[in-house]
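Accompanying notes for the structure given below.
Number of protein chains: 2
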Amino acid sequence: MTDPIRIGLVGVGKIARDQHLPVIDASPDYRLVAVASRHGEHAGVPNYRTLAEMIAEQGGLQAVALCQPPQARFEAALAAIEAGLHVFLEKPPGATLAEVGLLTEAARRRGVSLFASWHSRFAPGVEPARSWLSTRRIRSVSIAWMEDVRHWHPGQDWIWEAGGMGVFDPGINALSIATHILPPFFLTGATLEVPENRQAPIAGDLRFTDAAGTPIHATFDWRQTGPQTWDIRVETEDGTLVLSKGGAVLTLDGRDQPLPPEAEYRGLYDRFAALVRSGASDVDLNPLIHAADAFLRGERRSVEAFTD
Amino acid sequence: MTDPIRIGLVGVGKIARDQHLPVIDASPDYRLVAVASRHGEHAGVPNYRTLAEMIAEQGGLQAVALCQPPQARFEAALAAIEAGLHVFLEKPPGATLAEVGLLTEAARRRGVSLFASWHSRFAPGVEPARSWLSTRRIRSVSIAWMEDVRHWHPGQDWIWEAGGMGVFDPGINALSIATHILPPFFLTGATLEVPENRQAPIAGDLRFTDAAGTPIHATFDWRQTGPQTWDIRVETEDGTLVLSKGGAVLTLDGRDQPLPPEAEYRGLYDRFAALVRSGASDVDLNPLIHAADAFLRGERRSVEAFTD
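The listed protein sequences derive, respectively, from chains A and V.
Counting from 1, one number per residue, gives the positions in the first sequence under the numbering used here.
Counting from 1001, one number per residue, gives the positions in the second sequence under the numbering used here.
Quick look at the structure:
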């Protein structure tokens, strides 16, 4: 049994409270030593306003989990790396591709572990889906990621600003699964629907293909009320695979497959502990590359204003 | 003396006629064996409608230069690679980052050379600038890339469509130089001005920084009449470097440096020949990464309609 990793968390918002802090508390691999946040608080450990204060006062700190919005994450990540700390990045790993490239190189030089986390890849159906697809010829793929932004992101203004990515904030979860279970693909066209009073899209219709010409279609929509949809359907020459509920349910030709219970963030923190202990990094930019490609290549349409 | 490389060219438009065809004709490293184009023609060699026809009828073909708009380039590039041809890509190397990643992997597997060309890197002042800056501490960088789109891209509708990149078509030349002569940097914010009747920006104001916090500012504008501006100004602790006329003129503290005459495309084709003969590829995505980051992270403002 090795000593727990002394970790600090930066950015006490919804995702930190819902997922990171309970998982860190429950894991024998970690001991939470402090948090830093401009707005949020967390009982039982020292609370700082900034990461710089946390680093200055917590001499034994070994790692940090960065949970603030992507637009504000680079400076903290670089400061942490330069202080010799291992860094866990919430998704997306940055507001730009170039900054994540720079962090990756900085972590390599400083000899610390950098982990760009994609929590949906740790949904229970994802690895079985990847394994099943790896030996089959794919005919077509259809992705539907449709949810109610008012329910999941109440009052989160940053998500609508430039760099907040809008509906790609959940959509990148679908892309993180798709890039993990499918052969490499790329965008051929997209339509992004942007509320006239916002910078980021509320919906996206994305067409991709791969080297074999497979049609891959994705619909992202944040205006879905009632039942929520997070489905990836893959037609193969050998039957149909459906990952639903964001990867928590897997069916093969309509038959439910037995899966362990959902434990995405536990999976992420297990992976981060393994990276730290082996001195490795894991930074896969592909989901963010597809999002950037959609902004670069996609056609924009102005739609009805969105107010929270 | 090795035999000349038997090359075909696809996409006989303005850039092919102005640059590629004269340079291929004048170079001892190449023999032009055919062209393929939907609209253009070229005298003295067989003309085909499509790359597929060219490949089918020209058994001795060894390489192709792809000069069509980026939105249409992937399919041709993949077909050429799979036919065992070396591929020269005009800039930008694709309409998306993901497709260029896929081509890079396909070329590696097939054992052919892939060259993502960035012609401005072969402007005569660029290598001297890179060398001078490599030993100096940089204080700030200012990039101004301002030209008259009506003069340089008359009636080129594809450039205004989604994926055509608008003012980033010339702007990516500035980014290709900046990424070559400066330490790694990333975008912190941008404003893109998009004509209300177009998809692509006519102007951009871009703020970047690097790991040292250096301010790097770029202005791209396609509405410049009169004198045209393609300048990169770098203030260092040790004097001021100015690359102007797109890299054709270099001054250090106001003193003009002696440079050879402009020969960007000759430089590109020399490089491609060297890659083909050594079995190597050269695909640097950084300029396109910065463009994609600007679309992903930048704020859009609607401006006056643009008509040609």
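Where is the CB? At the ideal position from N, CA and C, for every residue including glycine.
Under the rule that a run must span 4 or more residues, the alpha helix (DSSP H) segments found entirely inside the region 21–56 of chain A read 21–26. Per DSSP, the continuous alpha helix (DSSP H) segment holding SER278 of chain A begins and ends at 264–278. Legend: CB atoms of the region 74–86 of chain A lying less than 8 Å from CB atoms of chain V belong to residues PHE74 and LEU78. Proximity of chain A to GLY1298 of chain V at the Cβ level (cut-off 7 Å) is accounted for by ALA162, in chain order. Judged by their CB atoms, TRP1160 of chain V and PHE1306 of chain V are nearer to each other than the 9 Å cut-off. Listed as beta-bridge partners of SER140 of chain A by DSSP are A:GLU235.
V:VAL1012 is the residue among V:THR1104, V:GLY1101 and V:VAL1012 whose C-alpha sits nearest the C-alpha of THR1050 of chain V.
SER27 of chain A counts as buried, since no fewer than 16 other beta carbons sit within 10 angstroms of its beta carbon. Contact residues of the region 1096–1108 of chain V toward chain A are THR1096, LEU1097, ALA1098, GLU1099, GLY1101, LEU1102, GLU1105 and ALA1106 (C-beta to C-beta distance below 8 Å).
DSSP places ILE1202 of chain V in the coil class of the three-state scheme, outside both helix and strand. For PHE1220 of chain V, the enclosing beta strand (DSSP E) starts and ends at 1216–1221. Of the residues assessed, ALA1056 of chain V falls on the exposed side of the cut-off, its CB having fewer than 16 other CB atoms within 10 angstroms. Between ALA77 of chain A and GLY101 of chain A, the CB-CB gap reaches or exceeds 9 Å. Listed in chain order, the positions of the region 1280–1297 of chain V with a beta carbon within less than 7 Å of a beta carbon of chain A are ILE1289, HIS1290, ALA1291, ALA1292, ASP1293, PHE1295, LEU1296 and ARG1297. Cα atoms of ALA65 of chain A and PRO1070 of chain V: separation of roughly 39 Å, rounded to the nearest angstrom.
The region 1226–1236 of chain V makes contact with the region 1135–1147 of chain V: 3 or more CB pairs, one atom from each, lie closer than 8 Å. The C-beta of HIS290 of chain A has 16 or more other C-beta atoms within 10 Å across all chains shown, which makes the residue buried. The beta-carbon of ALA1190 of chain V is placed less than 9 Å from the nearest beta-carbon of chain A.
A straight line joining the alpha-carbon of GLU53 of chain A with that of GLY298 of chain A spans about 42 Å. Beyond the five residues adjoining it in sequence on each side, GLY239 of chain A comes within less than 7 Å, by CB distance, of LEU252 and ASP253 in the same chain, given in chain order.
By alpha-carbon distance to ILE81 of chain A, the top candidate from A:PRO92, A:PRO4 and A:GLN62 is A:GLN62.
Cα atoms of HIS86 of chain A and ARG108 of chain A: separation of roughly 11 Å, rounded to the nearest angstrom. One alpha carbon belongs to SER281 of chain A, the other to PRO92 of chain A, and they sit about 16 Å apart. The beta-bridge partner set that DSSP reports for TRP1118 of chain V is empty. LEU1175 of chain V has no beta-bridge partner at all, per DSSP. A distance below 8 Å between beta-carbons, with the five flanking residues on each side excluded, links GLU304 of chain A to the following residues of its chain, in chain order: PRO195 and GLU196. In chain order, GLU299 and ARG300 make up the part of chain A whose C-beta sits under 7 Å from the C-beta of GLN1199 of chain V. Boundaries of the alpha helix (DSSP H) around ILE1289 of chain V: 1286–1297.
Within the DSSP bridge table, the entry for HIS86 of chain A names A:ALA63 as partners.
If you draw a 10 Å sphere on the C-beta of ALA212 of chain A, you find fewer than 16 other C-beta atoms in it, and that means exposed. In the structure shown, THR225 of chain A falls within a coil segment according to DSSP collapsed to helix, strand and coil. Using a CB distance cut-off of 9 Å, ALA1211 of chain V counts as an interface residue toward chain A.
In terms of CA proximity to ASP1003 of chain V, V:ALA1273 leads the group V:ALA1273, V:ALA1190 and V:ASP1293. Proximity of PRO1195 of chain V to chain A, defined by a Cβ-Cβ separation below 9 Å, is not satisfied.
Closest option to PHE1115 of chain V, judged by alpha-carbon separation, among V:TYR1030, V:ASP1293, V:GLU1262 and V:ARG1271: V:ARG1271. Put simply, the backbone Cα of GLY1008 of chain V is about 56 Å away from that of VAL10 of chain A.
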